[in-house]
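Counted from 1, the sequence shown has number 1262 at position 101 by the numbering used here; the numbering is strictly sequential.
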Amino acid sequence: MRLLLNGEGPTDLGECGNAQGRCEGADFKQGAMTKLIIQLLEPLLGYSLADFPDSFSYVSETVLCDETKAMPRRLQPARGKKKGAEMGYFYGNAMTLGRMAINLAHEAGEAVVAVFFRDTDGTRSSHAGLWADKWQSVCDGFNAAEFEHGVPMLPKPKSEAWLLCVAGANPGGSCVHLEDLSGNDASPNSAKAQLDAALGHHHGGNELADWLANQHVDAGRLETMPSFQAFHQALTHAVRTLPH
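Here you go:
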């Protein structure tokens, strides 16, 4: 099995170390969210993907957007009920990632799971359906590509909230309240500021990834956060339905 990952940068899924927007294997510098995925997949696979770096392929947000814009209009099916430019962004880029995953599966001769990561970045004033709209737009994009093993990874409000739960926020209790934190980094009580405080200082991408790799991830506790639960269920389903 191979993972095709698409994210925003070094502090989430990671980045390419080859100064390119696409990479695989040793050229992919794994971020904290990739370390999280590795831990979540180990009980499903029976082995750790940490031991198989060649199982990872990565495409940057910039490259994915460029590929989407370059796609001929005839290959861009109508989305149906339109929800604005932002939802079109999620839909179009997920469709492109799905097509990339299909091509990668043919080239590599093995099954591929694609993960589309974006922070939701909503605030308490955002309308209640914002996260759901983004999630559905990603799912619709994968469906338009006719790719069945695509996984939306949309932390609410952003990945720092999930990491706060791993770091032990509200020990022994639910982490659902962390989804109400501000996704605006300029806010003094933002998810990012609270994670920095919990870890003692600001962690860059590499440091955050190393920290996460050494944590025991309690998936059950993380699942008290609906955005994580949806992701974990989608990831599990994608892996369990892969062709053997």
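Where is the CB? At the ideal position from N, CA and C, for every residue including glycine.
- Per DSSP, the unbroken alpha helix (DSSP H) holding Cys1300 starts and ends at Leu1291 to Ala1305.
- One thing to note: Glu1176 has its Cβ no nearer than 8 Å to the Cβ of Asp1215.
- The beta-carbon distance between Phe1303 and Ala1255, rounded to whole angstroms, is 5 Å. This is short enough to meet the 8 Å contact definition.
- When secondary structure is reduced to three states using DSSP, Phe1213 falls in the coil class, being assigned neither helix nor strand.
- Uninterrupted alpha helix (DSSP H) stretches at least 4 residues long and entirely within the region 1307-1384 occur at 1320-1327, 1352-1360, 1366-1374 and 1380-1383, given in chain order.
- For the 8 Å CB-CB criterion, His1364 and Trp1372 form a contact.
- Here Glu1169 carries a coil assignment [DSSP, helix/strand/coil].
- Distance from the CA atom of Thr1281 to the CA atom of Asp1173, rounded to whole angstroms, is 13 Å.
- Beyond the five residues adjoining it in sequence on each side, Glu1321 comes within less than 7 Å, by CB distance, of Ala1352, Lys1353 and Leu1356 in the same chain, given in chain order.
- Per DSSP, the continuous alpha helix (DSSP H) segment holding Gly1249 begins and ends at Ala1246 to Ala1269.
- Sequence-distant partners of Glu1169 (beyond 5 residues in either direction) whose C-beta falls short of 6 Å from its own C-beta, in its chain, are Glu1222.
- In the DSSP assignment, Ala1395 falls within the unbroken alpha helix (DSSP H) covering Pro1387 to Arg1401.
- Only buried fits Leu1325, as 16 or more other CB atoms lie within 10 angstroms of its CB.
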